[in-house]
Each structure stands twice: as C-alpha cells, then as structure tokens.
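Start counting the sequence shown at 0; every next residue gets the next number (numbering that gives the first Met the number 0).
This report concerns only the one structure given below.
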Amino acid sequence: MTAHTDALSDSYSTGEPAYVPQRTLLLGAALLVALMAAAGKGPLAAAILPFVFATGFALLGQAAPWLWLLVAFSGIGLSWAQGSVQLAGWSINIAGLQWGFTFVMGVLLLALLPGTGRKWPTTFRWYALFVGVAALWVLTAPSLFSAVKHTIQYATPLVVGLVTLRIAYRPGQIQYLRGALWIAFGLAAVVGVASIRWLTFSGDTAGLSGAIGNRPFAIFLVPIYALALAGWRTRGPAYALIAAGAFAFIVLTLSRTVSATAIILAALALMWNASWAQRIQGMIVAALLAALVFSFEPLRERFITGERFRPSRSETALVTGEGRSAQLNVSGVSLSGRGLLWLQTWRHAMQAPLTGHGTGSAEVYLGTELQTVTAQPHNDYLRVFHDSGIIGLVTLLVAAIAGVFSLRRLQHRSRSVLARELTLAAFLTWIGYLLIAVTDNILVYVSFFTQNMFLLIAIAHAAVDREGELEAETAGPGSIVLHGAH
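See the structure below:
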C-alpha cells in the first residue's frame, strides 16, 4: 500500500514507479475489446473498457486526474444506451454496469490515493448519513437485489465526490479539472443531441434505437446549464450564449419540471449577490423566460392538458387491483400518469410510515405487486418515505437543507473568479437536484446526473480551500480557457 500511495502522490521522491508504455496498455485494451466483441459481448466491452484501462494505470501507480474523469464520465455515454447484456442468465442494464464499475473503481482509488487530511464537506457528511440509513434498511427490504442496487446507486455519487476531492487537492489540478469538465460535458452533449429524434415533441420517446430519452437528456444538461450561468455571472457574457443553448435544448425536450427548474436557476443566478436594481432585472428576465416557455405551444399543451401528447400504451402506467380509478388528479394539469403512481405509493407507504418497507421497496411494489409498466414512483421524496419512512425522509431533507446552506456559505468564502464560478455552479446544480426530485427519479439517475453533481461540488470545495495556492487568473472576460497544468 505504501508503494502505491507514494506513486500516487505528486512527489515521486521515493523512487520512480514501474511505468508500462501506454501503447502496450492501449493495445491490450483493444485486444480485450476485440475478443469480447467477437464473442458477441460488444456492448459489455464498451461498458468495462474505461474501468479496465483506468484500473491498470492505478494499480501500476500511475493514477492521474484524467483517468478518474475517464471513469466518472464514461457513464454519460453509456447511459444513452438503454440496452442490456446477458451474463450467467442475468439481464444487466448497460448503464447499471457503468455506475457499478464506477463504485468499485472509486472504492479502489479511495484505498490507493492518499487522504487529504481535511474533513468531508458538510454536504457530503449529511448525504453520507442518508446513504447509511439506506444501507441499514437493506435488512428490511423485500428484495435483497433491489435493496443493494439502490444503496449502491445512492452511494456512488458520494464515492465519486470523495475521490475527486483527493485528486482536486493536488497542486495544479483545479483549473485542469474545470477544463476537463467542459470538454467532457460538451462531448457528451453532442452525443446526446445526435441520439435524440428532435422535433417530434414526444417528451420521453427515445430517438435512435436504444438511445436516451428526451427527459433524461434534459436532466443531464442541468449541470452544464448551471456552469454556463455561473460563468456568465463571474466571467463574462460569452457564457450567456452557452446558457441560452442549454436552455433551448431543455425546453425542446418538453420536460416540464426541468424547464421550470431552468427558469428558477436563471433567476437565482442573475440575482445572486446582486444590487436591488440587478435583482429586479433578474426577475424581469425570469418572467420573460417563463412567458416565452409557456407560449411554446407543444410544451404548453403538454403541461396544461396533455391532449395532443397522450402517452403511448408502452408509456402509460397500467395497474391491476384498484386500477386507474384510484389516482390523484389535478384539475387542468396533465400529470402524465404520475397521479396514479403517487397515490398508490403514498397509500402503501402509510402502512409503515415510521420505518418504511425497506430500501428499494417502492420499485418492487410498483413493478411486482401493481404490475406497472414503469416501476419508478417519479417523486424521490415519496420514494424515500415509502422505503425508509419518516426516519429516512428526515435524513434526506436535512441533507438537502444542509447542502443549500453549506454551498451558499462556500460561495461567500470564495474570492477568485474560478472559485466563485465553481461554487455558484455547484449551488445551482444542487437546487436543480432538489427541485427535479419532486416529479422525477433523479436519485437513481447516477450515470448522467448525481455523480456529475457530486464531482462538481467536490471541485468547488477544493477550489475554495486551495484558493491561496491558485495561480492568478489570466483569461479575459467572456473567454473560455482550458488550463491543463499538472
């Protein structure tokens, strides 16, 4: 272990690690993929390649920030694929493989990388308490597989954040990681746009065969949008163009909750630490955005009546038992089947309101007992209440509130342009996470949201804590400069 931690540190004074030529590793990885593809395991090969590659480097004492980003961001591309692979009679989702491997790789790096000697950020500590409750409630779950799966889904973002902290605290890595974030997000966004059948205005309908649906893509765009808004406030108006592009794509997905969240985040960013005159301008901009969005006929129809966009049979939540006669309805608002899921989940949750039915039980209940087409409750607060009862819900809400105040204080502590930008982006992304959880399953969207959010929060904390060591900003306002110092 000592040899590994010495090799993984910035100083190699204890001796040079045994380097293996990168060409050799690349050739070996390519050979592995070719063999698996020849055996009919092409998707599986694509899923595990980043982890085989990165693990090899890590075990040879050559861990570097770009390797961790390769692991963390590989899931963005994989999450676009909704297919599965067969292993020993088990059907395993490709995106599930990604966050599973990310969790394993993250735990490995936590064992290999030297610690920072600092306390965990407040957001991480309180979220870890929520993960701990979920882990304990595995013991009461109706399905061990579902319970363990959900616990790892909840824990993976925390592991991503902790590993990122250990890398980000190394000298010269903050600006490198910021640049890598923009590149990774940009490439993934291009892949996502190419995979979606735009202009169908069909909401959750997938585009190309096995491609991501519109709504998950809108959720994925939230951290990019938050980074662009933060860049607009701290660096210059050039970032407003990126924010406008992300906002337009979010609206085009017809995701109502994410569109409303985007308006709220714009208002928060524009009114952040602003004068009263600037706050009034921010409110006016937010009001104009809201008017523009809700005058967009496809989105307005989908939000208010849903008549033009009735979900297909495959997207409708059909249940046995009480059936569709027992569901929540809101006059004049289309809930797209959520009313049924919410009411049924609530009723079952109230049978054990204090302790819940066990981690992952909401998915088991909706998928097995009610035989719904979608086994997700589409409200993560309700999911946690069903699974862990009032105890679990309180821990989640405390973590949510602690995160808001902690990130707010972090932003107040920041002095440099870089630190202010990253802390504001982290705060906005956290707010978006809490809002979207009201009508979606964002807690289990590990590959394309939660792990990226925790990665951003970790970089923001490191940027503030190491602020005195950062080099002076040399970039002019309105320009994006990717620093690659090691």
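All C-beta atoms, glycine included, are put in the ideal place defined by N, C-alpha and C.
All figures in this text were calculated on a predicted structure; none of them were measured in a lab.
Checklist entry - First and last residue of the alpha helix (DSSP H) that includes Q277? => result One-based indexing of the sequence shown puts residue 277 at position 278. Counted as a single uninterrupted DSSP element, the alpha helix (DSSP H) harbouring Q277 occupies residues 275–293.
Checklist entry - What three-state label does DSSP hand W345 in the structure shown? => result The residue labelled residue 345 in the question sits at position 346 within the sequence shown. Looking at W345 - three-state DSSP - the assignment turns out to be helix.
Item to check | contact_flag[the region 412–423, the region 377–394] where n(CB pairs < 8 Å) is 3 or more | outcome: Cβ pair count under 8 Å is below three, so no.
Checklist entry - Should H385 go down as buried or exposed, given a rule of 16 or more other Cβ atoms within 10 Å for buried? => result Within the sequence shown, the letter at position 386 stands for residue 385. Classification for H385: buried.
Checklist entry - So which of A243, L253, G95, L251 has the shortest CA-CA distance to A285? => result Your numbering for residue 285 matches position 286 in the sequence shown. Ranking A243, L253, G95, L251 by Cα distance to A285 puts A243 first.
Checklist entry - In chain order, what residues of the same chain have a beta carbon less than 7 Å from the beta carbon of E362, not counting five sequence neighbours either side? => result Residue mapping note: residue 362 aligns to position 363 of the sequence shown, counting from 1. Cβ neighbours of E362 beyond the five flanking positions: S145, A374, Q375.
Checklist entry - What is the rounded straight-line gap between the Cα of K118 and the Cα of A225? => result Along the sequence shown, one-based indexing puts residue 118 at 119. Along the sequence shown, one-based indexing puts residue 225 at 226. Distance between the alpha carbons of K118 and A225: 26 Å.
Item to check | CA nearest to the CA of I430, picked from E466, A154, A462, I263 | outcome: Translated into positions along the sequence shown, residue 430 becomes position 431. The shortest C-alpha separation from I430 is found at I263.
Checklist entry - Is there contact between the region 441–453 and the region 275–290, where contact requires at least three CB pairs shorter than 8 Å? => result The region 441–453 is not in contact with the region 275–290.
Checklist entry - Taking Cβ positions, are L220 and I249 nearer each other than 9 Å? => result The residue given as residue 220 occupies position 221 in the sequence shown. The residue given as residue 249 occupies position 250 in the sequence shown. In terms of Cβ geometry, L220 and I249 form a close pair [threshold 9 Å].
Checklist entry - Do V463 and A418 have their CB atoms nearer than 9 Å? => result Numbered from 1 along the sequence shown, position 464 holds the residue referred to as residue 463. Numbered from 1 along the sequence shown, position 419 holds the residue referred to as residue 418. Yes.
Next on the checklist: Rounded to the nearest angstrom, what separates E466 and V132 at their Cα positions?
Outcome noted: Start at 1 with the first residue of the sequence shown, and residue 466 comes out as number 467. Start at 1 with the first residue of the sequence shown, and residue 132 comes out as number 133. Distance between the alpha carbons of E466 and V132 is about 35 Å.
Checklist entry - With contact counted as at least three CB pairs below 8 Å, one residue from each stretch, are the region 159–172 and the region 104–113 in contact? => result Here the region 159–172 makes contact with the region 104–113; the two share three or more CB pairs at distances below 8 Å.
Item to check | Test item: CB-CB of V130 and Y153 under 9 Å | outcome: On the sequence shown, residue 130 is found 131 positions in, with the first residue counted as 1. On the sequence shown, residue 153 is found 154 positions in, with the first residue counted as 1. For the 9 Å CB-CB criterion, V130 and Y153 form a contact.
Checklist entry - Of all the options R255, I151, H411, L180, which has the alpha carbon lying nearest to the alpha carbon of V292? => result As a working mapping, residue 292 is identified with position 293 in the sequence shown. When the alpha-carbon of V292 is set against those of R255, I151, H411, L180, the nearest one is in R255.
Item to check | First through last residue of the alpha helix (DSSP H) which encompasses I430 | outcome: On the sequence shown, position 431 is the one that residue 430 refers to. 416–435 is the extent of the alpha helix (DSSP H) around I430.
Item to check | Closest Cα partner of T122 within the set L164, Q97, G230, I173 | outcome: Locating residue 122 in the sequence shown gives position 123, counting from the first residue. Nearest C-alpha to T122: L164.
Next on the checklist: Assuming W345 and L381 are in contact, meaning their beta carbons sit under 8 Å apart, how far apart are those beta carbons, in whole angstroms?
Outcome noted: Counted from its first residue, the sequence shown places residue 345 at position 346. Counted from its first residue, the sequence shown places residue 381 at position 382. Indeed they touch by this definition, with Cβ atoms about 6 Å apart.
Checklist entry - Apart from the five residues on each side of it in sequence, which residues of its chain come closer than 7 Å, Cβ to Cβ, to P215? => result The residue you call residue 215 lines up with position 216 of the sequence shown. These residues qualify, in order along the chain: Y444, F447.
Item to check | Whole-angstrom distance between A140 and Q450, CA atom to CA atom | outcome: Within the sequence shown, the letter at position 451 stands for residue 450. Within the sequence shown, the letter at position 141 stands for residue 140. Going by the C-alpha atoms only, they are around 25 Å apart.
Checklist entry - Between which two residues does the alpha helix (DSSP H) harbouring H149 extend? => result Within the sequence shown, the letter at position 150 stands for residue 149. Here the alpha helix (DSSP H) through H149 covers 143–167.
Item to check | Y238 - containing alpha helix (DSSP H), residue span | outcome: Working through the sequence shown from its first residue, we reach residue 238 at position 239. Element bounds for Y238: 237–251.
Checklist entry - Taking the C-alpha atoms as reference points, what is the distance between I151 and G99? => result Residue 151 sits at position 152 when you count from the first residue of the sequence shown. Residue 99 sits at position 100 when you count from the first residue of the sequence shown. If you draw a straight line from the Cα of I151 to the Cα of G99, it comes to about 7 Å.
Checklist entry - Between R177, A245, G178, which lies nearest to V189 when the distance is taken from Cα to Cα? => result As a first step, residue 189 must be located in the sequence shown, where it is residue number 190. Restricting attention to R177, A245, G178, the CA atom closest to the CA of V189 is found in A245.
Checklist entry - From Y238, P113, L433, V437, pick the residue whose C-alpha is nearest to that of M452; which is it? => result Mapped onto the sequence shown, residue 452 falls at position 453. Checking every option, the nearest Cα to that of M452 belongs to L433.
Checklist entry - So what does DSSP say about E466, is it helix, strand or coil? => result As a first step, residue 466 is located in the sequence shown; it is residue number 467 there, counting from the start. E466 falls in the helix class under three-state DSSP.
Next on the checklist: Using only the alpha-carbon positions, how far apart do R234 and L228 sit?
Outcome noted: For the purposes of this step, residue 234 is taken as the residue at position 235 of the sequence shown. For the purposes of this step, residue 228 is taken as the residue at position 229 of the sequence shown. Each residue's Cα considered, the two are about 10 Å apart.
Checklist entry - Between V383 and R414, what straight-line distance do the alpha-carbon atoms span, to the nearest angstrom? => result What you label residue 383 is simply residue 384 of the sequence shown in a count that begins at 1. What you label residue 414 is simply residue 415 of the sequence shown in a count that begins at 1. The straight-line gap from Cα to Cα measures roughly 37 Å.
Checklist entry - Using the beta-carbon count (16 or more within 10 Å), is F404 buried or exposed? => result Locating residue 404 in the sequence shown gives position 405, counting from the first residue. Exposed, because fewer than 16 other Cβ atoms sit within 10 Å of the Cβ of F404.
Checklist entry - What is the C-beta distance between D379 and I456, in whole angstroms, given that I count them as a contact (C-beta under 8 Å)? => result Along the sequence shown, one-based indexing puts residue 379 at 380. Along the sequence shown, one-based indexing puts residue 456 at 457. That pair is no contact at about 18 Å.
Checklist entry - Relative to the alpha-carbon of G357, which residue among W275, K148, P113, S274 has its alpha-carbon at the smallest distance? => result Against the sequence shown, residue 357 aligns to sequence position 358. Of the listed residues, the one whose Cα sits closest to G357 is K148.
Checklist entry - Comparing alpha-carbon positions, which option in Y364, G185, H377, H347 lies nearest R337? => result Within the sequence shown, numbered from 1, the residue matching residue 337 stands at position 338. Answer by Cα proximity: H377.
Item to check | Backbone CA spacing between Q97 and S294 [nearest angstrom] | outcome: Counted from its first residue, the sequence shown places residue 97 at position 98. Counted from its first residue, the sequence shown places residue 294 at position 295. Looking at the two C-alpha atoms, the distance is approximately 39 Å.
Checklist entry - Looking only at its own chain, which residues have a Cβ that is under 7 Å from the Cβ of P352, when we skip the five neighbours before and after it? => result For the purposes of this step, residue 352 is taken as the residue at position 353 of the sequence shown. Closer than 7 Å at the Cβ level, and outside the excluded window around P352, lie G388, I389.
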